[in-house]
Amino acid sequence: TGLTKRRAGFRQTVRPAKGSVLAAPITADTPPDYFFHWLRDASVVMDAALVLIRQGGETADIWTRHFEDYVDFSLKLWELNGSAFLPQLTSIRASTEPDLTQYIRPDAEIAAIDSDSVAGDVRFNANGTLDFLKWNRPQHDGVATRALGAMNFWDMGVSSSSEARTRLAALIRADLDYTEQHAGEPCVDIWEEEHALHYYTVLVQFAALQEGVRWMEMQDEEEQAIYLKARAAPLLAMLDGFWSPETGIYRSRLFPDGRPSSKDTDMSVILGVLHAGMLEGPHNVDDPKVLATLSAAEDYFAEALSINAKGQAEAYKGAAFGRYRGDAYFNGGAWFPCTFAAAEFHYRLAASAKASADSISVAEHLAKGDAIMEHARQFIPASGELTEQFDRDTGASLSAHDLSWSYAAFLTAWEAREASV
Numbered sequence: 005t006g007l008t009k010r011r012a013g014f015r016q017t018v019r020p021a022k023g024s025v026l027a028a029p030i031t032a033d034t035p036p037d038y039f040f041h042w043l044r045d046a047s048v049v050m051d052a053a054l055v056l057i058r059q060g061g062e063t064a065d066i067w068t069r070h071f072e073d074y075v076d077f078s079l080k081l082w083e084l085n086g087s088a089f090l091p092q093l094t095s096i097r098a099s100t101e102p103d104l105t106q107y108i109r110p111d112a113e114i115a116a117i118d119s120d121s122v123a124g125d126v127r128f129n130a131n132g133t134l135d136f137l138k139w140n141r142p143q144h145d146g147v148a149t150r151a152l153g154a155m156n157f158w159d160m161g162v163s164s165s166s167e168a169r170t171r172l173a174a175l176i177r178a179d180l181d182y183t184e185q186h187a188g189e190p191c192v193d194i195w196e197e198e199h200a201l202h203y204y205t206v207l208v209q210f211a212a213l214q215e216g217v218r219w220m221e222m223q224d225e226e227e228q229a230i231y232l233k234a235r236a237a238p239l240l241a242m243l244d245g246f247w248s249p250e251t252g253i254y255r256s257r258l259f260p261d262g263r264p265s266s267k268d269t270d271m272s273v274i275l276g277v278l279h280a281g282m283l284e285g286p287h288n289v290d291d292p293k294v295l296a297t298l299s300a301a302e303d304y305f306a307e308a309l310s311i312n313a314k315g316q317a318e319a320y321k322g323a324a325f326g327r328y329r330g331d332a333y334f335n336g337g338a339w340f341p342c343t344f345a346a347a348e349f350h351y352r353l354a355a356s357a358k359a360s361a362d363s364i365s366v367a368e369h370l371a372k373g374d375a376i377m378e379h380a381r382q383f384i385p386a387s388g389e390l391t392e393q394f395d396r397d398t399g400a401s402l403s404a405h406d407l408s409w410s411y412a413a414f415l416t417a418w419e420a421r422e423a424s425v
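Sequential numbering of the sequence shown, starting at 5, is according to this note's numbering.
The following block contains the structure:
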């Protein structure tokens, strides 16, 4: 809350509100501008906060307070209204530099935002106001991942006061309601590029509704639990439809018109499995089809990123992972969130094998996870700063600096490794 972001061309000054989660806390007026509260990024960060809370001590108390502030901030976002914002938008447009007005959203788009649609608006200014800049919308995954995280916090009893528990329950209900309303709808993907039906989104929606059934039953709300269960059921068949027998992987997206996608080798599938956190049935880390999808991504990035030819161990070639086949954003480099996700996936497989007393598989997946992390270590500067990407040819830090998601992905991978040993 002590930072100040000035978007000079738009005459905008943003001072983050308590409870907002910055995708990257960089105040300099240089691209990319990630000084926003993204619903998805924020939920990923708060999931990582659970790692710190589970460690106990003073850090746990601090993060518990942060989480309660996050719940309050999230509830206030539900109250935003586009029609009420229009007078302010008129003022913003009038004071914006002429060559930048093309990036301001149309009045009609803003006016359409209400309590039923605001959660699909993807990202918000960190001061809790609507983002007036054009972006690819709607996206329906962030609300589902926030609901999953909120229910995890509920189960841990993190918010101890009755008032905090009441606010947390209100957020869970609102997020589950939005998720069931938009379950299985086409939207924009987590990379914020294409409108389609996306594996990641459908999977986290399915997981949120499944957990919502359990949560509603805990509240003795059987009727709502039955309704959520009925809404979740079709999503499982929808998820199975992403499997491609021809390529042997889960496709990341399905277009309504049936055209093929060039992004089928996509780490969003793996991220979806990790963020959904399913413990049984298909579409979890033990699903051999998911492992086949990760193996295909590994084969692709091993060839596509030249940094994967440097300094690799002979027993298992640790690899850096990008987003998807043919990515061109900031030269399509490796991503820390994707690379750490690949390691976390192997650690979770090792933990699963440990529970089954399969020592050979434990050793195999632990070694693979470690090799990926060791490979990534080469490209992290001495400062420990984690950017969004590292260059595909040199390994140099690239794109957004201090990306919150990168640190969160490291923490959840670390905790997964602890569970595996």
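Just so it is clear, CB atoms sit at the ideal spot from N, CA and C, and this is done for glycine as well. These figures come from a predicted structure and were not determined experimentally.
Query, Result
"Beta-ladder partner(s) of ALA17, from DSSP", "Checking the sequence shown, residue 17 turns out to be Thr, not Ala. Per DSSP, ARG10."
"Cβ-based neighbour list, ALA354, same chain, cut-off 6 Å, excluding 5 preceding and 5 following", "VAL366, HIS369, LEU370, SER424"
"Alpha carbon of GLY161 to alpha carbon of LEU201, nearest angstrom", "35 Å"
"For ARG177, the nearest candidate out of TYR203, VAL147, HIS41 (CA to CA)", "VAL147"
"Three-state secondary structure (DSSP) of THR328", "Reading off the sequence shown, one finds Tyr at residue 328, where the question assumed Thr. Residue state, collapsed to three classes: strand."
"TRP139, enclosing beta strand (DSSP E) - first and last residue", "Unbroken run through TRP139: none, as it is neither H nor E."
"THR391 classed as buried or exposed, judged by whether at least 16 other C-beta atoms fall within 10 angstroms", "buried"
"Span of the beta strand (DSSP E), counted from its first residue to its last, around TRP42", "40 to 42"
"Neighbourhood of TYR411 by C-beta, 6 Å cutoff - its chain only, sequence neighbours within 5 removed", "LEU390"
"Among PHE259, ALA130, THR183, nearest to LEU152 - alpha-carbon criterion", "THR183"
"Three-state class that DSSP yields for ALA319 in the structure shown", "Residue confidence for ALA319 is low, a pLDDT of 47 falling below 50, so the modelled location carries little weight and cannot support an answer."
"Opening and closing residue of the beta strand (DSSP E) in which ARG127 lies", "127 to 129"
"Cβ pair count under 8 Å reaching 3, the region 127 to 143 against the region 158 to 172", "no"
"Among SER401, SER363, ILE364, ASP362, the one whose alpha carbon lies nearest that of ARG381", "SER401"
"Unbroken alpha helix (DSSP H) run spanning LEU90, endpoints", "86 to 99"
"Rounded separation between ASN312 and SER119 - CA only", "47 Å"
"Nearest to ASN335 (by Cα), restricted to the options THR343, ALA359, VAL294, GLY399", "GLY399"
"SER192 (DSSP reduced to helix, strand or coil)", "The sequence shown places Val at residue 192, rather than the Ser named in the question. In this structure, VAL192 counts as strand in the three-state DSSP scheme."
"Beta-carbon contacts of PHE349 that lie in its chain and below 7 Å, excluding the five residues immediately before and after", "ILE274, LEU278, VAL289, LEU298"
"Chain-order list of residues whose beta-carbon lies under 8 Å from that of GLN185 (same chain, five-residue window excluded)", "ASP120"
"Own chain, CB closer than 6 Å to ASP417, minus 5 neighbours either side, in chain order", "According to the sequence shown, residue 417 is Ala rather than Asp. So the qualifying residues of the chain are PHE344, ALA347, GLU348."
"Per-residue burial, ASP331 [other beta carbons within 10 Å of its own, 16 or more giving buried]", "buried"
"Contiguous beta strand (DSSP E) assignments of at least 3 residues, all confined to the region 138 to 180", "none"
"Uninterrupted alpha helix (DSSP H) stretches inside the region 263 to 322 (no shorter than 4 residues)", "272 to 280, 292 to 308"
"Distance between beta carbons of ALA52 and HIS405, contact taken as under 8 Å", "Actually they are not in contact, since the Cβ atoms of HIS405 and ALA52 sit about 18 Å apart, beyond 8 Å."
"Of the residues GLY60, ALA324, ARG329, LEU43, the one placed nearest CYS342, counting alpha carbons only", "ALA324"
"Three-way DSSP call (helix, strand, coil) for GLN393 in this model", "strand"
"Alpha-carbon to alpha-carbon, LEU26 and ARG255", "30 Å"
"C-alpha gap between MET500 and PRO264, whole angstroms", "Beyond the ends of the chain as shown, which are 5 and 425, falls residue 500; an answer cannot be given."
"Same chain, Cβ closer than 7 Å to LEU93, neighbours up to 5 away in sequence not counted", "ASP111, ILE114, PHE136"
"Rounded straight-line distance, which links the Cα of ALA98 to that of THR269", "44 Å"
"Residues near ALA317 by beta carbon distance below 8 Å, same chain, minus five either side", "Because the pLDDT of ALA317 is 43, which lies under 50, any placement of that residue in the model is unreliable, and the question is left without a value."
"Nearest-angstrom Cα separation, counted from ALA123 out to TRP82", "7 Å"
"Proximity to ALA306 [Cα-Cα], best of GLY276, GLU226, ALA338", "ALA338"
"Cα-Cα separation, VAL294 to HIS199", "23 Å"
"Segment limits, alpha helix (DSSP H) that includes ALA241", "226 to 244"
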